[in-house]
Amino acid sequence: MAATAAPVTHPRSRAARTRPARTLGAAAATAALLVGLTACTDGDVQQAADEVASAAQGAADELTEAGDAIQGALADADARAQAAGDLVADARAQLESLDADARAQVDEALTSSEQAVDEATAALEQVRDQGAAASQEAIAEAQQKVADAEAELESAQAAAGSEAGGALTSLGEELAGLGADLEQAAQG
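Residue numbers (the numbering used here): 1177 to 1364.
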């Protein structure tokens, strides 16, 4: 009976002794895996958050630059409109030296210029109040009015000759600049 002399181990007792070690090992492996996944996930989430924040900041910077450009264009257009209005007054003062026909033609061109400046000023106010997209029609009408006034002024200046003085030339330049400023405001 030598065979019975060896200690008998019960399968249940062996499993009981090694189960805590296996459970502990499995728990440690699971914890390490979770920590690793969490670190990867946290890193991915952080990277994604950084990319979203960077894109949002870039978009905000672009909007700020666009807003600044529009405000600059509006300020330039306002200054040109004011200068054009002043030049209309100066040109009217020089009408006395012209003959009757030239005086009438220049006076009509100056009136058209005043109306164009007024319409441009109103369009610029609309851009400020409603934005460029909502003001496209007003800007287009003001641009057309300014272009028409500029052409009429050139015709009157040609009819008046050198007696018209520099005010008409300067006014024509201001109207051309005002038209360009309106174009820039329309693109904003």
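For each residue, glycine too, the CB sits at the ideal point set by N, CA and C.
About 6 Å separates the beta carbon of residue 1268 from that of residue 1286, a gap short enough to meet the 8 Å contact definition.
Buried is the label assigned to residue 1249, since at least 16 other Cβ atoms lie within 10 Å of its Cβ. Residue 1348 carries a helical assignment under DSSP once its states are collapsed to helix, strand and coil. Secondary structure at residue 1250: helix, using DSSP grouped into helix, strand and coil. Shown here for residue 1357: same chain residues with a beta carbon closer than 7 Å to its own, the five before and five after excluded, namely 1249, 1252, 1253, 1256 in chain order. A residue is called buried when at least 16 other Cβ atoms come within 10 angstroms of its Cβ; residue 1342 does not meet this threshold and is exposed. Sequence-distant partners of residue 1317 (beyond 5 residues in either direction) whose C-beta falls short of 8 Å from its own C-beta, in its chain, are 1295, 1299. Measuring C-alpha to C-alpha distances from residue 1258 to each of 1346, 1360, 1273 identifies 1346 as the nearest. The straight-line gap separating the alpha-carbon atoms of residue 1282 and residue 1306 is approximately 35 Å.
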